[in-house]
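Accompanying notes for the structure given below.
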Amino acid sequence: MQKFDEMYTSLPYAFFSKGEQVRDHYKTYDAWLARQPGDMMAQRREEAEMIFRRVGITFAVYGEKDEDGAGTERLIPFDLIPRIIPAHEWASMEKGLVQRVTALNRFIHDVYHDQEIIKAGVIPRDQIENNAQFRPEMVGVDVPNQIYSHISGIDIVRAPDANGNGEYYVLEDNLRVPSGVSYMLEDRKMMMRLFPDLFSAHRVAPIAHYPDLLLETLRASSPSTTDEPTVVVLTPGMYNSAYFEHAFLAQQMGVELVEGQDLFVRDNFVYMRTTRGPRRVDVIYRRVDDDFLDPLVFRPTSTLGCAGLLNAYRAGNVAICNAVGTGVADDKSIYPYVPKMIEFYLGEKPILNNVPTYMCRNKDDLAYTLANLKDLVVKEVHGAGGYGMLVGPASTTAEIEDFRKAILANPSGYIAQPTLSLSSCPTFVESGIAPRHIDLRPYVLSGKTVQMVPGGLTRVALKEGSLVVNSSQGGGTKDTWILEI
Amino acid sequence: MLSRTADHLFWMSRYTERAENTARMLDVNYQTALLPQSDAVALAGWQGLLSISELLSTYTQRYGAIQAREVMDFMVKDESNPSSILSCLGAARENARAVRGSLTTEVWETQNQTWLEVKRMLKNGEFERDPAQFFEWVKFRSHLSRGVTVGTMLIDEALHFMRLGTFLERADNTARLVDVKFHAVQSDFFGAASEKDQEYDFYHWSAILRSVSGFEVYRKVYRDVIKPERVGELLILRPDMPRSLHASMNEVVNNLSLVASDASSETLRRAGKLRAELQYGRIDEILATGLHAFLTQFLDRVNDLGAHISREFLVPVSV
Numbered sequence: 001m002q003k004f005d006e007m008y009t010s011l012p013y014a015f016f017s018k019g020e021q022v023r024d025h026y027k028t029y030d031a032w033l034a035r036q037p038g039d040m041m042a043q044r045r046e047e048a049e050m051i052f053r054r055v056g057i058t059f060a061v062y063g064e065k066d067e068d069g070a071g072t073e074r075l076i077p078f079d080l081i082p083r084i085i086p087a088h089e090w091a092s093m094e095k096g097l098v099q100r101v102t103a104l105n106r107f108i109h110d111v112y113h114d115q116e117i118i119k120a121g122v123i124p125r126d127q128i129e130n131n132a133q134f135r136p137e138m139v140g141v142d143v144p145n146q147i148y149s150h151i152s153g154i155d156i157v158r159a160p161d162a163n164g165n166g167e168y169y170v171l172e173d174n175l176r177v178p179s180g181v182s183y184m185l186e187d188r189k190m191m192m193r194l195f196p197d198l199f200s201a202h203r204v205a206p207i208a209h210y211p212d213l214l215l216e217t218l219r220a221s222s223p224s225t226t227d228e229p230t231v232v233v234l235t236p237g238m239y240n241s242a243y244f245e246h247a248f249l250a251q252q253m254g255v256e257l258v259e260g261q262d263l264f265v266r267d268n269f270v271y272m273r274t275t276r277g278p279r280r281v282d283v284i285y286r287r288v289d290d291d292f293l294d295p296l297v298f299r300p301t302s303t304l305g306c307a308g309l310l311n312a313y314r315a316g317n318v319a320i321c322n323a324v325g326t327g328v329a330d331d332k333s334i335y336p337y338v339p340k341m342i343e344f345y346l347g348e349k350p351i352l353n354n355v356p357t358y359m360c361r362n363k364d365d366l367a368y369t370l371a372n373l374k375d376l377v378v379k380e381v382h383g384a385g386g387y388g389m390l391v392g393p394a395s396t397t398a399e400i401e402d403f404r405k406a407i408l409a410n411p412s413g414y415i416a417q418p419t420l421s422l423s424s425c426p427t428f429v430e431s432g433i434a435p436r437h438i439d440l441r442p443y444v445l446s447g448k449t450v451q452m453v454p455g456g457l458t459r460v461a462l463k464e465g466s467l468v469v470n471s472s473q474g475g476g477t478k479d480t481w482i483l484e485i
Numbered sequence: 486m487l488s489r490t491a492d493h494l495f496w497m498s499r500y501t502e503r504a505e506n507t508a509r510m511l512d513v514n515y516q517t518a519l520l521p522q523s524d525a526v527a528l529a530g531w532q533g534l535l536s537i538s539e540l541l542s543t544y545t546q547r548y549g550a551i552q553a554r555e556v557m558d559f560m561v562k563d564e565s566n567p568s569s570i571l572s573c574l575g576a577a578r579e580n581a582r583a584v585r586g587s588l589t590t591e592v593w594e595t596q597n598q599t600w601l602e603v604k605r606m607l608k609n610g611e612f613e614r615d616p617a618q619f620f621e622w623v624k625f626r627s628h629l630s631r632g633v634t635v636g637t638m639l640i641d642e643a644l645h646f647m648r649l650g651t652f653l654e655r656a657d658n659t660a661r662l663v664d665v666k667f668h669a670v671q672s673d674f675f676g677a678a679s680e681k682d683q684e685y686d687f688y689h690w691s692a693i694l695r696s697v698s699g700f701e702v703y704r705k706v707y708r709d710v711i712k713p714e715r716v717g718e719l720l721i722l723r724p725d726m727p728r729s730l731h732a733s734m735n736e737v738v739n740n741l742s743l744v745a746s747d748a749s750s751e752t753l754r755r756a757g758k759l760r761a762e763l764q765y766g767r768i769d770e771i772l773a774t775g776l777h778a779f780l781t782q783f784l785d786r787v788n789d790l791g792a793h794i795s796r797e798f799l800v801p802v803s804v
């Protein structure tokens, strides 16, 4: 397997390299790091942890206790070494993201209306309509601006191409309720607080205006004609693992953070209960899954949503962001078709690469997958959070055989991809500075236009050699710099 | 604003204020216990403290006989006691966390920091090492919390509900404090006491005053020796004494009228009536009808006010 590092042009790993093997956009940082006294980074890390705890930037872990046996609040591991992307690379990635998300929105609209893409034979009908994320309730429903995925988190990795040069690949589209953007913003704040001198030495593109763009996007989706639509953030509550982010975004946008119990529907309009009586709600930025939104339509036992919400939505009296039913487009079984969608709807060549994907529902792909399990990454079509996957090269024979049985029992439930050698980035771990694998999640906002702040959330697999970056499985985060050089 | 948000803000402030007043009461008892006095008197002090907090039976079930050390532990760090300082600070922080988006960063961080610190201090045995210092710390965190609230929060409904919580809780707590302390020295109230007892009384009265930061205030207002009826007047009727019942009710009424959209609000009417009685009341009348009876009735009415606030603003009945 070829290796690719973000900071160094060649491996084996050598730190404080006097600039020789350091890629251009990391040179200033490398020189700065070499000048720092030995224990500085450890001190800064302690400082960061103290601040994160005081500010309460935590995520809840269900059923776990901290050392006092009291809380269930964990700090998200934050790494001190930034991930740097040169501005010209970002510029092309940004174009690719706009293109991809535009096509995905067109696709969702099409799926719930005329289904041109099925009629044209690009995607088989059963792939869409038999998908558990396909919501028949949405067929024929018109949403403002025909935008379904207002906030899209696109997971991107970097890996060597055939010539050993770094190339970006889209690993996954997250079109339901992508999370993590608050860490992107807080990581930057923390870096500026800990290392102000770094920011005077670099021209790092700012990202702090994300909440403004988000509010603008949400307002643009309002179905009402008022100038000042009422936007709310709907959270499952303070015991949800992403509660900090929900509260943070509501506060940064200056809108109410509501729970299901705060909302009610009357005559197909949605209201919130306030100290001055009911107040109409126009846009709901929901951080609750489809299944929990409306007990009358989806899961009847859910108390997280609001009875009657879907009727109000279908009547066009409230916007739900992201729309109901976006999951049909971010499923792993739909992912392989995204490049074709781009060509179909936009008539353009895809700018961003997909990872080559074998769909086990196809006979040939299945045969190939079964023959090469030890080299492939196999994923459950509906899996998420880094669960339900097999990383062939890192698995035992027994694990591989278990997966083989599972695939054979239900081939269409799986896809397989070559094991990408994800790029790594110097990371400050217990043993010092060492390479760890990373990915990148930019947050793409679709309202009247498609826009985003430069960069995204870089997640890092803190376990040595691990390719899984999810925070539920020992992943951390890094500040991401888009750098003019 | 959301009714649920108002509810959390209201209770956040109440718990913060309650933690402060518990610290004040414990501090005074702890300081008084240092005076030369019989065991029986000292015991009565701790017992009184538990009974005004309506915790006497809970305490005896759990700990048995009354002992200073254990009463303090119970009131400071027993998490199974919902009125302990630790529980109050925890509840204040949980309420703050539920609505952190409605608070300024400074207010939230103050609440969160207080919680993290109190856990650390209790774990490290800092309370046992120096109880007085610990009580002082609790008081100052409460001062800080109020200061950062009025210093950074937008002057809108959220702030009014927080202030409402603070002063309703304070009215309740001061009434309880006055009740227990006057109760402890009631025998002396109408004269017939020995000279020695009267000397000790001075310490009791000054302890009451100190517990509400009123000792210097008393001297300044009355320029007189400490007299029980004047202490009563100061803590119940004076509108310029910041922890008195009258001053607390003034703030309750002010903040209520700012959040009540309806001028005919029943909650506001009841609060106004209670305030008026303090405004036009006289200490000799109160003493003539009985201080304990007066305070018991006052506490009932504060409690009733809390229920009305809750019904009118915080948990509106579904449409």
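Chains A and B, in that order, are what the protein sequence lines are.
The first sequence runs 1 to 485 under the numbering used here.
The second sequence runs 486 to 804 under the numbering used here.
Think of the CB as a built atom: it goes at the ideal place given N, C-alpha and C, for glycine as much as any other residue.
Since the model is a prediction, treat every value here as computed from it, not as a measurement.
Can you tell me whether residue i is buried or exposed? The criterion is at least 16 other CB atoms within 10 Å of its CB, across all chains shown.
| i | result |
| --- | --- |
| A/P50 | The residue you asked about is not Pro; residue 50 of chain A is Met in the sequence shown. With fewer than 16 Cβ atoms within 10 Å of its Cβ, A/M50 is classed as exposed. |
| B/T781 | exposed |
| A/R273 | buried |
| A/A120 | exposed |
| A/V251 | The question names Val, but residue 251 of chain A in the sequence shown is Gln. Buried, since its Cβ has 16 or more Cβ neighbours within 10 Å. |
| A/N130 | exposed |
| B/A732 | buried |
| A/T9 | exposed |
| B/F620 | buried |
| B/I640 | exposed |
| A/T230 | buried |
| B/T490 | buried |
| B/L720 | buried |
Once DSSP output is grouped into helix, strand and coil, what is the label at residue i?
| i | result |
| --- | --- |
| B/S795 | helix |
| A/V377 | strand |
| A/R276 | coil |
| B/D512 | helix |
| A/F269 | strand |
| B/L753 | helix |
| A/A323 | coil |
| A/G432 | strand |
| A/K478 | strand |
| A/T369 | helix |
| A/E256 | strand |
| A/Q417 | strand |
| A/R306 | Checking the sequence shown, residue 306 of chain A turns out to be Cys, not Arg. Correct three-state label for A/C306: coil. |
| A/P229 | coil |
Residues in the same chain with beta-carbon distance under 8 angstroms from residue i, minus the five sequence neighbours each way, listed in chain order, please.
| i | result |
| --- | --- |
| B/A806 | The first residue shown for chain B is 486 and the last is 804, placing residue 806 of chain B beyond what the model contains. |
| A/G277 | none |
| A/L249 | V181, S182, P211, L214, V233 and Y285 |
Note down, in chain order, each residue of its chain lying with its Cβ closer than 6 angstroms to the Cβ of residue i, except the 5 sequence neighbours on either side.
| i | result |
| --- | --- |
| B/S627 | T501 and E505 |
| A/P393 | T419 |
| B/S672 | Residue placement at B/S672 cannot be trusted, given a pLDDT of 48 that sits under 50; the coordinates are not used to answer. |
| A/E172 | D155 |
| A/Y112 | M138 and V139 |
Who are the Cβ neighbours of residue i in its own chain at under 7 angstroms, not counting the five residues just before and after it?
| i | result |
| --- | --- |
| A/S224 | D282 |
| B/A583 | H493 |
| B/D563 | S569 |
| B/V800 | S488 and D492 |
Runs of alpha helix (DSSP H) wholly within the segment 598 to 650 of chain B (minimum 4 residues, chain order): With a minimum length of 4 residues, the continuous alpha helix (DSSP H) runs that stay inside the segment 598 to 650 of chain B are 611 to 614 and 616 to 637.
Runs of alpha helix (DSSP H) wholly within the segment 24 to 102 of chain A (minimum 4 residues, chain order): Annotation: the segment 24 to 102 of chain A contains the following complete segments of the alpha helix (DSSP H) (minimum length 4 residues), in chain order: 27 to 35 and 40 to 55.
Residues, ordered as in the chain, of the segment 263 to 297 of chain A that lie near chain B by beta-carbon distance below 7 angstroms: F264, R266, M272, R273, T274, T275, R276 and P278
Runs of beta strand (DSSP E) lying entirely within the segment 97 to 154 of chain A, each at least 3 residues, in chain order: none
Selection of the segment 594 to 618 of chain B by Cβ proximity to chain A, strictly under 8 angstroms: E594, N597, Q598, L601, K604 and K608
Residues in the segment 690 to 706 of chain B having any Cβ partner in chain A nearer than 8 angstroms: Listed by position along the chain: nothing, the set is empty.
Against chain B: residues of the segment 296 to 322 of chain A by CB proximity under 8 angstroms: none
Against chain B: residues of the segment 225 to 240 of chain A by CB proximity under 7 angstroms: For the segment 225 to 240 of chain A, the set of residues with a beta-carbon nearer than 7 angstroms to any beta-carbon of chain B comprises M238, in chain order.
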